[in-house]
Each structure stands twice: as C-alpha cells, then as structure tokens.
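Encoded as structure tokens, the structure appears first; notes follow it.
Protein chains: 2
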Amino acid sequence: MIHMTLEDVRHLVETVLRRHGFSEPHVQAVAATIVAGERDGCTSHGVYRLPGCIATLRAGKVSPDAAPEVFDSAPSVVRVDAHGAFAQCAFHAGMPLLVEKARSQGIAMLAINRCVHFSALWPEVEPLTERGLVALAFTPSHAWVAPAGGIRPLFGTNPIAFGWPRADKPPFIFDFATSAAARGEIDLHRRAGKPIPLGWGIDKDGQPTTDPLTALNGAMLTFGGHKGSALAAMVELIAGPMIGDLTSAESLAFDEGTKSSPYGGELIIAIDPQRILGAEAARHLQRAEAVFEGILGQGARLPSQRRYEARVLSEREGVRIPRALYEEIQALLVA
Amino acid sequence: MIHMTLEDVRHLVETVLRRHGFSEPHVQAVAATIVAGERDGCTSHGVYRLPGCIATLRAGKVSPDAAPEVFDSAPSVVRVDAHGAFAQCAFHAGMPLLVEKARSQGIAMLAINRCVHFSALWPEVEPLTERGLVALAFTPSHAWVAPAGGIRPLFGTNPIAFGWPRADKPPFIFDFATSAAARGEIDLHRRAGKPIPLGWGIDKDGQPTTDPLTALNGAMLTFGGHKGSALAAMVELIAGPMIGDLTSAESLAFDEGTKSSPYGGELIIAIDPQRILGAEAARHLQRAEAVFEGILGQGARLPSQRRYEARVLSEREGVRIPRALYEEIQALLVA
Chain W
77 MIHMTLEDVR HLVETVLRRH GFSEPHVQAV AATIVAGERD GCTSHGVYRL PGCIATLRAG
137 KVSPDAAPEV FDSAPSVVRV DAHGAFAQCA FHAGMPLLVE KARSQGIAML AINRCVHFSA
197 LWPEVEPLTE RGLVALAFTP SHAWVAPAGG IRPLFGTNPI AFGWPRADKP PFIFDFATSA
257 AARGEIDLHR RAGKPIPLGW GIDKDGQPTT DPLTALNGAM LTFGGHKGSA LAAMVELIAG
317 PMIGDLTSAE SLAFDEGTKS SPYGGELIIA IDPQRILGAE AARHLQRAEA VFEGILGQGA
377 RLPSQRRYEA RVLSEREGVR IPRALYEEIQ ALLVA
Chain C
77 MIHMTLEDVR HLVETVLRRH GFSEPHVQAV AATIVAGERD GCTSHGVYRL PGCIATLRAG
137 KVSPDAAPEV FDSAPSVVRV DAHGAFAQCA FHAGMPLLVE KARSQGIAML AINRCVHFSA
197 LWPEVEPLTE RGLVALAFTP SHAWVAPAGG IRPLFGTNPI AFGWPRADKP PFIFDFATSA
257 AARGEIDLHR RAGKPIPLGW GIDKDGQPTT DPLTALNGAM LTFGGHKGSA LAAMVELIAG
317 PMIGDLTSAE SLAFDEGTKS SPYGGELIIA IDPQRILGAE AARHLQRAEA VFEGILGQGA
377 RLPSQRRYEA RVLSEREGVR IPRALYEEIQ ALLVA
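Heads up: the sequence lines are chains W and C, in that order.
The working numbering applies: residue 77 is where the first sequence begins, and numbers increase by one.
The working numbering applies: residue 77 is where the second sequence begins, and numbers increase by one.
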C-alpha cells in the first residue's frame with residue numbers, strides 16, 4: 077500500500093485531470109468528489125474511479141470543459157444542462173438556486189440533465205444539509221440489474237441518497253445502490269480475486285453465481301427482493317423520463333460498449349423544515365434526535381457513522397492506496 | 077367464506093361506521109378505503125381493518141367527526157390538520173390545493189398532521205396519478221420494528237408508496253412497508269395459526285422467531301437489512317418531525333397500550349411532469365413505457381399487477397370474507 081496525505085491525493089488527482097485536458101472548474105469539482113470518497117473510506121468511490129474518468133474521456137463519452145447552463149424552469153424547479161460533462165460542476169451551478177427555492181417555496185427540485193455520473197450521491201446531499209435542508213438524490217446508471225422475477229439487466233444500480241441536518245453533529249446521511257451491491261464493489265472483488273456473496277448477481281441464464289466476472293457479464297440483483305426492485309424502477313423513472321433524461325438502458329446504448337460512466341440525469345429534492353415549521357422548527361428537529369439516540373442506544377449504527385470515523389482518521393493520518401492502483405494512476409500522468 | 081358484492085361490503089362498512097357515530101364525511105371516506113383494499117385483494121387492508129377502527133374509537137384515540145382544516149402554508153406546501161380524525165378526509169380536503177400547487181410550482185408537498193392512519197398508502201397515491209402527477213407518500217406508525225443491528229422496536233412499519241401516471245393504463249404504483257412484512261400480515265398468520273417466515277421478526281432477546289405472537293411481542297425486522305432500515309429512519313424523520321408530527325415511538329406512547337391505530341403525520345409529495353417538461357412531456361412519458369415493457373417482457377411483474385387483476389375480478393364477481401371476520405363485524409352492528 078502507498079501512504080498519502082489527503083493533500084497528496086488531491087494534488088495527484090488534479091494533476092491527472094489537468095494533464096488530460098479537463099478545464100479548471102471540472103478539475104476542482106471532480107477531484108473534490110474523488111478525494112472525499114477516498115477520505116471517507118469509500119474505496120469504490122475514491123481514487124479507484126480516476127482511471128474510469130480518463131477512460132470515459134478517451135472514449136469521447138464526457139466533455140472535459142462544457143460549462144453548465146442553469147434554467148429557472150418553474151417556481152420550485154431548477155434545471156441544469158451539464159452539456160455532456162461530469163455532474164459535479166452542474167450540481168454546484170444549480171445548488172444556489174435550489175437552496176433559494178427550497179427556502180422560499182418549502183420544497184424544490186434540481187434536475188441535472190445530460191451529465192456523466194460516476195460518484196456517490198452523498199457529496200451532493202451533504203452540502204444541502206449544511207444549509208439546514210433535508211435532501212434526497214437519485215440517479216439511474218447503466219442497465220446492469222435485473223428486476224425481481226426477471227433475469228435480464230434493465231435497471232441501473234440506481235442509488236438513493238438522503239440527508240438530514242443535525243445541529244452541532246454530522247448530518248444523518250445514507251446513500252446506497254438499489255442493487256444488492258455497488259458495481260464497483262463487485263469489480264473490486266474481481267480485482268482482488270475474491271468471490272462475491274450469493275444474492276449479488278446471476279449468470280446469463282439467471283442462475284445464482286459467486287464469481288464476480290460472471291455476475292458482471294450476467295445481471296446484478298436488487299437488494300431486498302421485489303421492494304428493492306420497485307425502488308430501482310422508481311429511480312429509473314423519476315431521474316430519467318420525468319426530468320426528460322435517459323433510462324439506464326438508454327444510457328448503456330449511448331455507451332456503445334466503451335464501458336464509460338453512465339450518462340443521463342440526476343434528481344435532487346430539497347425541503348426546508350424552517351419554511352414548513354417556522355418558529356417550531358428547532359423544537360421538532362430536536363425531537364428527531366430521539367430517533368438517532370434510539371438507534372445508537374441499542375448498539376446499532378447510523379448509516380454514515382463509518383464514513384465520518386474514516387474521515388477523522390484520514391484527515392489526521394492520510395490514506396493508503398493499493399500499489400497497483402497507484403501505479404495505474406501514475407501511468408496516466410505520462411500516457 | 078361469505079360471498080359479498082362490493083356494494084354489499086360498502087353498505088356493511090358504512091352501516092358499522094355510522095352505527096358508531098362517525099360523521100357522514102368520515103363514513104364515506106373510510107369506507108371507500110376499506111372497500112378499495114378488499115376489492116384489490118389486499119386482505120390486510122380490507123374489511124379486516126374495520127374492527128380496529130371501532131376499537132380505536134372506543135379507546136378514545138380517534139375523533140369520529142372532526143373536520144379537517146387546510147392551511148396554505150408556503151408556495152409549495154399544504155398542511156392539513158386532521159384534528160385527531162382518520163387521515164382519509166384530511167387527504168381529500170388537502171388534495172385539490174396539492175394538485176394546484178404541483179401544477180403551478182412543479183413540485184409540492186402535502187403534510188397531514190394529527191391524523192389516525194390505518195390504511196394502505198396507494199389509495200392516496202392513485203388519485204394523484206389520475207391527475208397526471210407523480211406521487212410519493214410516507215407515514216410512520218407505532219414503534220414495532222428494530223433498526224438493523226439492533227433488537228428493540230424503534231421504527232414503525234413506515235410504508236413508502238410511489239405512483240406514476242400511464243396513458244390509457246392503470247398507473248405504476250408500489251406501496252410497501254419498510255418492515256419485512258406488514259404488521260397486519262403477521263397478525264393474519266397468528267389468526268390462521270400459521271408460522272411466519274424467518275426474517276420477519278425476533279423475540280424479546282433478539283433471537284429469530286417463526287411464531288407470529290412472539291414476533292408481535294418482540295420486534296419486527298426491516299426488509300433488506302441496513303438499507304431497509306435506513307429507509308425506515310427516513311420515513312420516521314420526514315413524515316414525523318420534519319412536518320411537526322410524532323415519531324413512531326411517540327405514537328406508541330400516545331396509544332397508552334390501547335392497541336389503537338397509529339397517530340401522527342403523513343407526507344405526500346406530488347410532481348408534475350408537464351410542468352417540468354412542457355411540450356416534451358408526452359414524448360418522455362412514452363419512453364418510460366420501455367421500462368415497464370422491459371419488466372413484463374422478461375416475465376417479471378409490475379408491483380400493482382396482482383392488485384389490478386384482483387380489482388377486475390372483484391368488480392365482476394364480488395369478494396369472499398372469512399366467516400369469523402364477518403361475524404365479528406356483524407357483532408359490531410349490535411354492540
């Protein structure tokens with residue numbers, strides 16, 4: 077393993093992105109996401125994603141420099157056209173108006189269109205909670221996941237993220253794929269030569285498999301059976317056609333076998349408890365703390381707890397990157 | 077089994093509710109929900125619920141006649157105070173303004189406060205889809221469900237419902253408890269003397285059980301492990317404190333051991349694809365049909381398919397009610 081400080085990681089990621097022609101706003105925004113993933117111990121959303129970003133660029137499937145365009149399209153709706161670039165800049169461009177609308181209207185949504193998405197969703201939910209908002213985020217991906225009762229890929233890994241602001245504490249945030257496992261997780265098993273648990277995927281004939289490559293080439297499964305499958309369909313619909321953007325099947329068709337990152341839309345909903353509750357907001361948000369205490373008080377964990385613990389550790393001691401991955405990234409500096 | 081037409085069922089339910097002093101708006105609205113549940117083959121949300129309604133009234137835990145009060149509380153927020161009555165009338169009172177706001181603002185929310193909730197959520201989602209809206213609904217219940225990694229009840233069964241309008245077809249709707257099974261389902265197993273599957277509940281010491289009564293007295297489990305548990309927490313927060321209403325633990329405390337229906341809030345979010353997409357809406361909604369075809373085309377089912385099939389059959393041939401339940405209801409006519 078290679079030990080690096082977070083500053084080292086940021087410098088390396090930015091240098092690679094710059095070297096390959098990303099404009100400075102995209103360099104900053106994409107690097108911030110990758111460093112945040114590595115910092116929080118989300119290995120499958122950290123530096124591991126960088127080679128995929130460059131491969132997507134080389135395949136002509138992401139713009140290195142398109143500037144996002146913001147549309148105030150209805151009193152409670154912001155739309156941002158990412159013009160084929162990574163989603164991060166588009167999110168930052170649309171967020172101020174989303175926050176303003178949530179605060180004035182009570183609830184508002186941000187639809188990002190024509191973006192390339194490779195990151196976790198919590199980096200987009202967390203800044204909204206820092207502004208006192210409750211937030212939800214959704215995005216389709218590539219058609220890799222079979223619906224419950226089926227055997228052929230149709231849904232993306234279709235993550236759902238949720239954030240809740242807490243006074244003087246890190247926000248309550250969850251962010252999970254509606255597939256049983258993230259695709260990156262299965263790929264990390266493949267790289268490590270480890271079998272995957274039963275229930276993550278099936279082969280091309282619909283038979284259960286523990287071989288990561290067989291699952292990647294067959295179909296992934298949703299979490300929680302028909303309920304997870306229903307949620308995957310919902311993400312497909314509300315962050316696809318509802319905002320005028322691609323389904324996971326359409327994204328995969330657009331990909332043309334280049335194995336690039338998914339292309340399409342992202343939906344973010346923000347709600348302002350202050351606007352709903354007025355002077356009573358602080359009292360009610362304080363009551364919510366009993367829910368968290370009820371979880372922690374019986375020895376269970378909050379969804380982002382491991383992430384926040386990893387964050388403290390990484391900020392103090394840095395992170396460790398597998399040597400093979402480090403060398404793969406070094407090679408991108410000269411390629 | 078007792079055979080009844082849907083008209084017979086409606087007449088019976090209305091007569092019982094009237095006999096116990098519910099005002100006519102509540103008689104109509106509550107009966108409509110119960111008949112719809114029975115009609116759609118949702119046994120645990122049909123006539124089976126009627127004795128519970130009357131028991132809740134007798135325990136003094138629901139108002140038989142409070143008129144809901146509607147507040148236009150922000151440009152995209154409607155609040156309805158149910159004043160302690162069942163949720164149905166409050167929903168009908170708030171729905172027109174919710175629809176109007178969703179159409180003008182793009183996205184809007186309806187918060188129902190201080191309502192008693194015993195029904196499924198799809199009866200509230202379906203009418204929104206009939207008005208061309210995409211809808212989400214959430215409500216906490218009583219603290220019956222342990223968080224993942226814990227053993228003590230904290231969450232309610234905390235259902236999530238989603239509806240998507242389809243041209244010339246019944247809407248795509250799902251509605252499920254974030255618990256592994258609905259509490260009514262476990263109770264129906266108890267009544268039938270049948271064991272429950274492993275994974276539905278645990279005993280007071282946190283050990284897995286297949287005995288329905290042991291699970292009802294211990295803790296129910298969430299579906300899908302830590303992901304279902306995270307969703308249960310979300311429902312607890314957004315349909316509880318975020319709208320100034322009770323958590324499932326607070327609802328159970330309010331219950332004072334009377335085994336009444338849960339008391340608290342319900343959150344409904346409505347989004348108008350027309351407002352987001354304008355002239356392009358029909359084209360994008362048509363693309364969504366490929367998702368449904370992708371599910372059906374591989375032999376999998378849509379979430380509400382069984383319900384719609386049962387509906388057609390019930391409307392033609394009526395329904396069958398277990399004799400013991402029928403007699404329990406007949407007794408309510410003279411008690």
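Glycine residues also receive a C-beta, built at the ideal position from the N, C-alpha and C atoms.
What you are looking at is a predicted structure, and each value in this text was computed from that prediction instead of being measured.
Assigned secondary structure, residue i (DSSP; H/G/I helix, E/B strand, else coil)
i: D251(W); result: strand
i: P235(W); result: coil
i: S327(C); result: helix
i: C118(W); result: coil
i: M185(C); result: strand
i: I278(C); result: strand
i: T285(W); result: coil
i: V210(C); result: strand
i: F147(C); result: strand
i: W198(W); result: helix
i: M77(W); result: coil
i: G304(C); result: helix
Short Cβ contact (9 Å threshold) for residue i with residue j
i: S195(W); j: H121(W); result: yes
i: Y339(W); j: R190(W); result: yes
i: P349(W); j: I249(W); result: no
i: P284(W); j: H265(W); result: no
i: A108(W); j: V138(W); result: no
i: M77(W); j: R387(W); result: no
i: M310(C); j: W240(W); result: yes
Close-in-space but distant-in-sequence residues of the same chain around residue i (CB under 8 Å, 5 per side omitted)
i: L409(C); result: T91, V92, R95
Option in the options with minimal Cα separation from residue i
i: F299(W); options: I236(W), D281(W), M171(W), T81(W); result: I236(W)
i: D157(C); options: Q362(C), A376(C), I319(C); result: I319(C)
i: P273(C); options: G260(C), K280(C), A256(C), R267(C); result: A256(C)
i: D370(C); options: A346(W), D321(W), L313(W); result: Looking at the sequence itself, residue 370(C) is Gly, so the reference to Asp does not match. For the residues A346(W), D321(W), L313(W), the minimum Cα distance to G370(C) belongs to L313(W).
i: S337(W); options: T215(W), H193(W), V221(W), P241(W); result: H193(W)
i: I147(W); options: H159(W), G136(W), R207(W), P140(W); result: Residue identity differs from the one stated: residue 147(W) is Phe in this sequence, not Ile. Ranking H159(W), G136(W), R207(W), P140(W) by Cα distance to F147(W) puts H159(W) first.
i: E404(C); options: E100(C), C129(C), S99(C); result: C129(C)
i: G97(C); options: D141(C), T119(C), C118(C), H79(C); result: D141(C)
i: I347(C); options: Q381(C), A315(C), M171(C); result: M171(C)
Chain C within 9 Å of residue i, Cβ atoms only
i: T323(W); result: yes
i: I188(W); result: no
i: E356(W); result: yes
i: Q283(W); result: no
i: W276(W); result: no
i: W220(W); result: no
i: M185(W); result: yes
i: V175(W); result: no
i: S152(W); result: yes
i: G160(W); result: no
i: R223(W); result: Correcting the residue identity first, residue 223(W) is Pro in this sequence and not Arg. Yes, P223(W) lies at the interface with chain C (some Cβ there is under 9 Å from its Cβ).
i: I352(W); result: yes
i: K280(W); result: no
i: F98(W); result: no
i: R363(W); result: yes
Other residues of its chain near residue i: CB distance less than 7 Å, five sequence neighbours each side excluded
i: A224(C); result: T298, G301, H302, S305
i: I110(W); result: V89, G122, V123, R125, L126
i: S412(W); result: In the structure as shown, chain W starts at 77 and stops at 411, and residue 412(W) therefore has no counterpart that could be examined.
i: R86(W); result: A107, V111
i: T81(C); result: G394
i: H79(W); result: G394, R396
i: R359(W); result: none
Any chain W beta carbon closer than 9 Å to residue i
i: L204(C); result: no
i: F248(C); result: yes
i: L197(C); result: no
i: P412(C); result: With chain C covering only 77 through 411, there is no way to say anything about residue 412(C).
i: A376(C); result: yes
i: H121(C); result: no
Cβ-based neighbour list, residue i, same chain, cut-off 6 Å, excluding 5 preceding and 5 following
i: L230(C); result: A219, P223
i: L173(W); result: V154
i: R383(C); result: D116
i: A213(C); result: L197, E200, V201, A237, I344
i: G232(C); result: P216, S217, H218, S324
i: D331(W); result: none
i: P144(C); result: V156, A158, C165, A166, A169
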